[in-house]
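Student:
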Amino acid sequence: MRITVTVDGTNYTDEVEPRTLLVHYLRESVGKVGTVVGCDTSNCGACTVHLDGRSVKSCSVLAVQADGSEVTTVEGLERDGRLHPVQQAFHENHALQCGFCTPGMIMQSIDLLADNPDPDEQAVREGLEGNLCRCTGYQNIVKAVRDAAHHMRPGAGPDAERLSREEAASHVGGGGE
Ligand code: FES
Ligand code: FES
129 MRITVTVDGT NYTDEVEPRT LLVHYLRESV GKVGTVVGCD TSNCGACTVH LDGRSVKSCS
189 VLAVQADGSE VTTVEGLERD GRLHPVQQAF HENHALQCGF CTPGMIMQSI DLLADNPDPD
249 EQAVREGLEG NLCRCTGYQN IVKAVRDAAH HMRPGAGPDA ERLSREEAAS HVGGGGE
């Protein structure tokens with residue numbers, strides 16, 4: 129089947145098998161290897177991307193279901209050489225050890241902050257409960273998400289960048305590559 133998908137601001141048209149998973153399409157056809165596969169049971173969250181602005185586990189979505197949609201991967205977050213505030217906060221708070229869970233954690237965290245711009249620790253833990261960190265780095269991950277929330281608040285300074293879902297979509301669409 130032929131599908132057309134916008135991935136990180138660029139349009140791709142490809143032939144895929146009806147059973148091809150979105151994560152395999154992204155990695156093997158589009159080359160977005162920053163999105164990783166950590167399980168075969170849809171429970172680790174390492175493969176999380178945004179599909180039309182909402183986080184999804186891309187191992188639980190068929191590529192054909194993304195036809196006509198906009199996908200954002202962790203590789204599409206950087207702008208003009210600057211990390212997204214959530215990426216920056218993960219970096220500054222040492223919220224990664226082996227880094228395997230990090231792409232999915234970051235994508236899920238952005239989605240969580242779009243729903244709740246000022247989550248307390250419990251809300252962050254609940255928002256990320258579908259994402260597993262095998263290095264058990266949860267404490268710093270929670271810190272990073274709350275730190276990012278602080279920096280993304282309106283009026284937080286020149287680096288403030290608060291993304292609602294719509295803003296996130298136009299952010300990606302308008303950025304190009
Ligand atoms: Fe998708 Fe684990 S690879 S949830
Ligand atoms: Fe290693 Fe999370 S940092 S799995």
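Using the numbering used here, read the sequence shown as starting at 129 and increasing by one per residue. From the three backbone atoms N, C-alpha and C, an ideal C-beta is built for every residue, glycine too.
Any heavy atom of ligand 1 within a distance shorter than 8 Å of the CB on D168?
Tutor: Yes, the Cβ of D168 comes within 8 Å of a heavy atom of ligand 1.
Student: Could you check if L256 belongs to the surroundings of ligand 2, using beta carbon to heavy atom distance under 8 Å?
Tutor: False, no ligand heavy atom lies under 8 Å from that Cβ.
Student: According to DSSP, is V135 part of a helix, a strand, or is it coil?
Tutor: Strand at V135.
Student: Determine the closest residue to A223 out of A276, P146, H152, with distance taken between C-alpha atoms.
Tutor: Selected option, being the one with the closest Cα: A276.
Student: I'd like to check one pair, F228 with G166: are the Cβ atoms closer than 9 Å?
Tutor: Result yes, Cβ atoms of G166 and F228 sit closer than 9 Å.
Student: Can you give the Cα-Cα distance for G265 and G255, rounded to whole angstroms?
Tutor: Those two C-alpha atoms are separated by around 15 Å.
Student: Which of helix, strand or coil does DSSP assign to G303?
Tutor: In this prediction, G303 has a pLDDT of 36, which is less than 50 and means its spatial position is unreliable; what the coordinates show is noted afterwards. Three-state result, G303: helix.
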